[in-house]
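**Student:**
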């Protein structure tokens with residue numbers, strides 16, 4: 248059997264080909280971004296290619312890739328480029344991953360982090376439901392490899408939900424001591440059957456709560472997309488649920504439809520509505536909030552981490 252060509256949509260998302268096309272509405276002016284062309288962008292791309300690394304920036308079609316890569320910031324995606332889930336919003340290729348985990352990948356990630364001179368790095372992954380621990384030990388090894396090569400770099404991880412694993416696998420990741428533990432709820436609970444069918448809202452929420460129980464000093468972070476069909480009241484409820492789980496940092500961004508086969512865009516949320524969400528979230532007690540149309544989990548993550556630490560120190564009266 249010939250290998251899949253992930254540049255072909257039907258092979259990239261075979262499970263979505265049965266879906267009817269959803270029209271893609273014209274983007275408003277506040278969503279438009281320039282195509283990446285800078286020398287910094289090209290240098291970052293070359294380092295990723297040299298180390299044979301996958302980035303979520305490219306795989307998920309992030310609109311901010313030009314800005315971030317021009318500054319040498321890239322979100323590394325470990326454990327391959329094929330995800331075992333089939334969320335209807337996501338542009339990452341889906342199916343059964345053809346290979347086992349690459350034992351040399353943590354070292355290559357650490358080499359790239361050092362070469363890029365990153366002060367803050369974000370490490371994410373595909374879902375690997377085919378692996379007993381969901382890739383928890385692989386995350387831990389990647390964190391430890393970066394610590395050895397770049398001890399001054401702060402590390403943010405964006406993990407799967409480990410829903411099919413023994414609950415103890417979370418301890419493996421937390422014990423490696425990332426600076427920020429991020430896991431996205433993605434949407435409001437009422438839309439999970441349509442948008443995130445392989446996941447469970449309260450499981451994801453409980454995962455983040457358990458991180459805080461295991462290490463109260465670790466920053467926790469989560470995010471949702473809007474424009475999928477939710478209403479304002481349900482977004483406010485998600486904020487309350489997150490605060491009940493003691494989540495420190497909330498991100499809210501506009502959902503953008505990758506292809507006609509993906510979940511449709513219900514509407515484009517205005518910058519004014521995003522500002523309202525940000526104000527409401529700070530009122531509920533989040534240490535840090537990023538809510539704009541182009542907000543993504545890793546967007547400005549380094550600057551945001553500095554502000555997050557400062558906000559905690561202020562709250563604790565440390566100046």
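In this note's numbering, the protein residues as written are 248 to 566.
Where a beta carbon is used, it is the ideal one built from N, C-alpha and C, also for glycine.
Since the model is a prediction, treat every value here as computed from it, not as a measurement.
At what residue ranges does the segment 419-447 contain a whole run of the beta strand (DSSP E), taking only runs of 3 or more?
**Tutor:** Counting only runs of 3 or more, we get 427-429.
**Student:** Which residue comes first and which comes last in the beta strand (DSSP E) that contains residue 537?
**Tutor:** Counting along the chain, the beta strand (DSSP E) containing residue 537 begins and ends at 535-538.
**Student:** For the alpha helix (DSSP H) containing residue 530, name the first residue and the last one.
**Tutor:** Element bounds for residue 530: 518-531.
**Student:** In its own chain, which residues sit with a C-beta less than 6 angstroms from the C-beta of residue 533, not counting the 5 before and 5 after it?
**Tutor:** Counting only Cβ-Cβ distances below 6 angstroms, and skipping sequence neighbours, we find 497.
**Student:** Kindly indicate which residue of 487, 471, 530, 528 has the alpha-carbon position closest to the one of residue 544.
**Tutor:** Out of 487, 471, 530, 528, 471 has the C-alpha closest to the C-alpha of residue 544.
**Student:** Give the C-beta separation of residue 401 and residue 366 to the nearest angstrom, bearing in mind that I take them to be a contact with Cβ-Cβ under 8 angstroms.
**Tutor:** Yes, residue 401 and residue 366 are in contact; Cβ-Cβ is about 7 angstroms, under 8 angstroms.
**Student:** According to the neighbour-count rule (16 or more other Cβ atoms, all chains shown, within 10 Å of its Cβ), is residue 249 buried or exposed?
**Tutor:** At residue 249, the pLDDT of 49 sits below 50, so the modelled position is not reliable and the matter cannot be decided from this model.
**Student:** According to DSSP, which residues form a beta bridge with residue 491?
**Tutor:** Paired residue(s): none; residue 491 is not in a bridge.
**Student:** Pick out whichever of 485, 383, 487 has its Cα sitting closest to the Cα of residue 420.
**Tutor:** Closest by alpha carbon: 383.
**Student:** Do you know how far the Cα of residue 259 is from the Cα of residue 341?
**Tutor:** Their Cα atoms are separated by approximately 6 angstroms.
**Student:** Mark residue 522 as exposed unless 16 or more other C-beta atoms lie within 10 angstroms of its C-beta, in which case mark it buried.
**Tutor:** Result: exposed.
**Student:** Quick one: measure Cβ to Cβ for residue 492 and residue 461, integer angstroms, because I've assumed they're closer than 8 angstroms.
**Tutor:** The Cβ separation is near 13 angstroms, so there is no contact.
**Student:** Within 10 Å of its beta-carbon, does residue 325 have 16 or more other beta-carbons around it, so buried, or fewer, so exposed?
**Tutor:** Classification for residue 325: buried.
**Student:** With H, G and I counted as helix, E and B as strand and the rest as coil, what does DSSP make of residue 503?
**Tutor:** If DSSP states are grouped into helix, strand and coil, residue 503 belongs with coil.
**Student:** Am I right that residue 376 and residue 331 are in contact with their C-beta atoms under 8 angstroms? What's the rounded C-beta distance?
**Tutor:** Yes, residue 376 and residue 331 are in contact; Cβ-Cβ is about 4 angstroms, under 8 angstroms.
**Student:** Can residue 475 and residue 442 be called in contact, C-beta distance under 8 angstroms?
**Tutor:** Contact: yes.
**Student:** If you draw a straight line from the alpha carbon of residue 254 to that of residue 338, how long is it in whole angstroms?
**Tutor:** So the alpha carbons of these two residues sit roughly 11 angstroms apart.
**Student:** Among all the DSSP beta bridges, which residues are the ones paired with residue 330?
**Tutor:** Per DSSP, 341.
**Student:** Can you tell me where the alpha helix (DSSP H) with residue 561 in it begins and where it stops?
**Tutor:** Start and end: 548-562.
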